[in-house]
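I have placed the structure first, in the form of structure tokens, so that the comments after it can refer back to it.
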Amino acid sequence: MKVWKNIQGILKVLLIAYLVIFAAEVLLPSLEHKKVSEEFAAAAGQLKEPAAAAGERVLNIEENEDALLWRLRLIENAKEEIVLSSFDFDSDQSGTDIQAALQAAARRGVKVRILVDGINGTLSWYTGAPLRALSAQPNVELKLYNPIDLLRPDRLCYRLHDKYLMVDDTALILGGRNTNDLFLGQTTEKSNHDRDILVWNPDGHGGVQQELKAYFQKVWELPVSRVRQPRLKNSTEKQAQLLEKRYETLKGKYPEAFQPMELEKETFPVNSISLWTNPIQPKSKEPQLWHLLQSRMMEGSSVRIQTPYIVCDSRMYEALDELAAPGRRVEIITNAVENGANPFGCSDYLNSKKKILGTGVEIYEQHSDQSAHTKTFLVDDRWSMVGSFNLDMRSTYLNSELMLAIDSPQLNARLQKAFDEGARSSVHVLADGTETPGEECELRTMAIAKKLLYTVMRLLTLPVRHLL
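The sequence shown begins at 87 in the numbering used here and counts up one residue at a time.
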């Protein structure tokens with residue numbers, strides 16, 4: 087008995103030691119945020135230069151149902167290869183619709199490659215039988231980026247935040263939408279509002295599609311991108327049959343997704359389009375994408391940003407302060423805490439609101455039935471940067487992120503109009519404390535339980551703020 091008690095004591099000490107080391111490995115490596123290297127800063131001017139147009143045409147996709155339809159349309163028209171990269175890929179209604187369409191494409195000979203964030207992908211894998219069935223199909227490969235490794239807690243914070251779909255060499259969709267019901271399909275009570283950009287290259291070569299394909303291949307080949315396949319393929323046969331039946335029902339539910347596409351009529355030309363990215367290794371990152379965005383914004387006299395939340399460190403505050411210098415107006419639409427979907431972002435906003443406004447930017451706190459998840463940077467009437475990058479430290483220093491930098495007055499005008507619509511449903515907040523509800527703003531009230539939650543989280547998030 088005494089020996090057993092001694093063993094238990096040793097095991098407790100070892101467990102406590104492991105947990106302490108685990109927590110330190112998670113928190114400490116990302117505590118000191120990196121700066122952009124001199125080499126990248128020197129090359130950034132060239133990266134920021136408009137790429138020569140390769141004949142691309144674009145379309146902004148605003149509604150969730152349209153976002154699902156366009157994905158189904160592209161998958162249905164694929165002839166050789168489909169690439170899907172997503173932060174989330176759930177087996178809910180819209181996620182299973184996409185899985186059914188991908189299985190049908192694979193069965194007609196299209197090569198399908200799927201890349202999902204390791205943490206979310208692991209959860210989706212074990213809870214989503216349809217996803218496992220899809221990964222067992224011939225012509226389908228599924229990888230998880232940086233899945234949980236209890237022996238490497240230092241990599242736990244670094245996530246794949248990319249969201250895009252590529253088809254052959256002709257079309258892609260890139261933006262902020264994950265592959266689940268929150269962002270795709272018919273609007274539900276808890277759905278989020280977001281934005282995608284469809285890019286079509288009628289020539290089928292060169293341009294931003296090749297940039298994205300090269301980027302995907304680099305991430306796909308990383309040692310931390312690991313293949314997942316069911317151990318017993320016969321256990322997936324029933325689910326595969328269900329996906330086949332679901333595909334047939336999609337034809338009746340979304341007939342427009344199975345009609346020939348007329349992309350020449352549905353899109354419009356751009357002057358240029360480039361892909362901007364963060365480093366892809368699962369470690370603390372140079373803020374390369376933020377550097378490019380900041381440089382582009384400094385060139386304009388009007389900057390408008392849509393972001394779900396605002397979580398800045400001292401260098402990001404300094405950048406906002408520099409941006410909001412006399413002669414340049416900087417406006418930011420973000421979620422009002424009353425309807426924000428991210429409690430971490432909302433609680434930090436309550437802590438940091440005065441400091442954000444102190445930089446001189448103007449804030450629009452949006453009150454809406456849907457929480458906004460849109461990530462867009464508009465500079466004057468020409469430049470539009472759209473993708474996965476949030477105005478927070480996680481997107482700046484920790485995650486993989488993608489933005490399309492598009493030179494197009496026509497697209498910019500459409501997105502400026504959407505910004506104005508969002509502003510009208512928001513409370514306009516100035517640095518002096520003035521708050522003015524927009525003409526279409528219907529103020530939401532915060533439930534008592536939510537107030538209590540934020541009160542607690544405003545304290546709890548302080549030690550881990552660098553991870554938000």
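The C-beta atom is built at its ideal place from N, Cα and C for all residues, glycine as well.
The residue from V313, N421 and I442 with its alpha-carbon nearest to that of C432 is N421. Taking every protein chain shown into account, the CB of E372 has 16 or more other CB atoms within 10 angstroms, so this residue is buried. By the beta-carbon neighbour count (other beta carbons within 10 angstroms, threshold 16), G413 is exposed.
For V202, the enclosing beta strand (DSSP E) stretches over residues K197 to D203. Here S457 is buried, its C-beta having at least 16 other C-beta atoms within 10 Å.
With respect to D478, L406 sits apart: the two C-beta atoms are not nearer than 8 Å. DSSP, read as helix, strand or coil, puts Q223 in coil. Taking 8 Å as the cut-off, the beta carbon of L220 is found closer than this to the beta carbon of L188. For the 8 Å CB-CB criterion, I419 and Q392 form a contact. Taking all protein chains in view, the Cβ of R317 is surrounded by fewer than 16 other Cβ atoms within 10 Å, so the residue is classified as exposed. Two segments are said to touch when three or more pairs of C-beta atoms, one from each, lie closer than 8 Å; by this definition the region 440-460 does not touch the region 333-350.
Under the Cβ criterion (8 Å, minimum of three pairs), the region 433-446 counts as touching the region 515-527.
When the Cα atoms are used, L270 and L328 turn out to be separated by approximately 21 Å.
DSSP places R530 outside both helix and strand once states are collapsed to three, so it counts as coil. Shown here, E342 sits in a helix according to DSSP, grouped into three states. Its chain contains H453 and S511 as the residues whose beta carbon lies nearer than 8 Å to that of E528, once the 5 sequence neighbours on both sides are disregarded; these appear in chain order.
Residue pairing by DSSP puts Q452 in a beta bridge opposite N421 and S512. Cβ neighbours of K120 within its own chain (closer than 8 Å, five residues either side excluded): S370, K371, E372, P373 and Y483.
Judged by beta-carbon spacing, R245 lies within the 8 Å limit of I205, meaning their Cβ atoms are closer than that value.
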